[in-house]
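Numbering (our numbering), first residue to last: 29 to 128.
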């Protein structure tokens, strides 16, 4: 499945980030752009037994370090440069992503 392969590839890239601040910043920026291309405009679905489709994704498609942020949700202020933050609207559609 091409969709699952793309997510797996991004998850692998995220795990291989270097420890130096410069490369971490560049890698985070590149990963952010790649995750944005994969997720923005797609709807998150709860069905973890089936992979995401062209217009959907599941938490299983996301890297180990992630959080999905809904409108009005509370979240901690701790910063993890390798964590993907996925912002979704009331309808569950991803509006944007950040790293941290």
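Glycine residues also receive a C-beta, built at the ideal position from the N, C-alpha and C atoms.
**Asked** Using the C-alpha atoms, what's the distance from residue 120 back to residue 103?
**Response** 17 angstroms
**Asked** Is it right to say residue 74 is buried, meaning 16 or more other beta carbons lie within 10 angstroms of its own, or is it exposed?
**Response** In summary, residue 74 is exposed, with fewer than 16 beta-carbon neighbours lying within 10 Å of its beta-carbon over all protein chains present.
**Request:** Compare the Cα-Cα distances from residue 87 to each of 54, 107, 116, 57 and report the closest residue.
**Result:** 116
**Request:** Work out the CA separation of residue 101 and residue 127 for me, nearest whole Å.
**Result:** 17 angstroms
**Request:** Could you check how far apart the C-beta atoms of residue 105 and residue 95 are, in whole angstroms? I think they sit under 8 angstroms.
**Result:** Not quite, the Cβ-Cβ distance comes to about 12 angstroms (not below 8 angstroms), so this is no contact.
**Message:** Given this structure, state the Cα-to-Cα distance separating residue 54 from residue 64, to the nearest angstrom.
**Reply:** 15 angstroms
**Request:** Assign residue 98 to one of three DSSP states: helix, strand, or coil.
**Result:** coil
**Request:** State the start and end residues of the unbroken beta strand (DSSP E) segment that holds residue 124.
**Result:** 122-127
**Prompt:** Where does residue 112 fall in DSSP's three states?
**Reply:** strand
**Message:** Just verifying my parser: in three-state terms, what is the DSSP assignment at residue 133?
**Reply:** Because the chain here runs from 29 to 128, residue 133 falls outside it and cannot be looked at.
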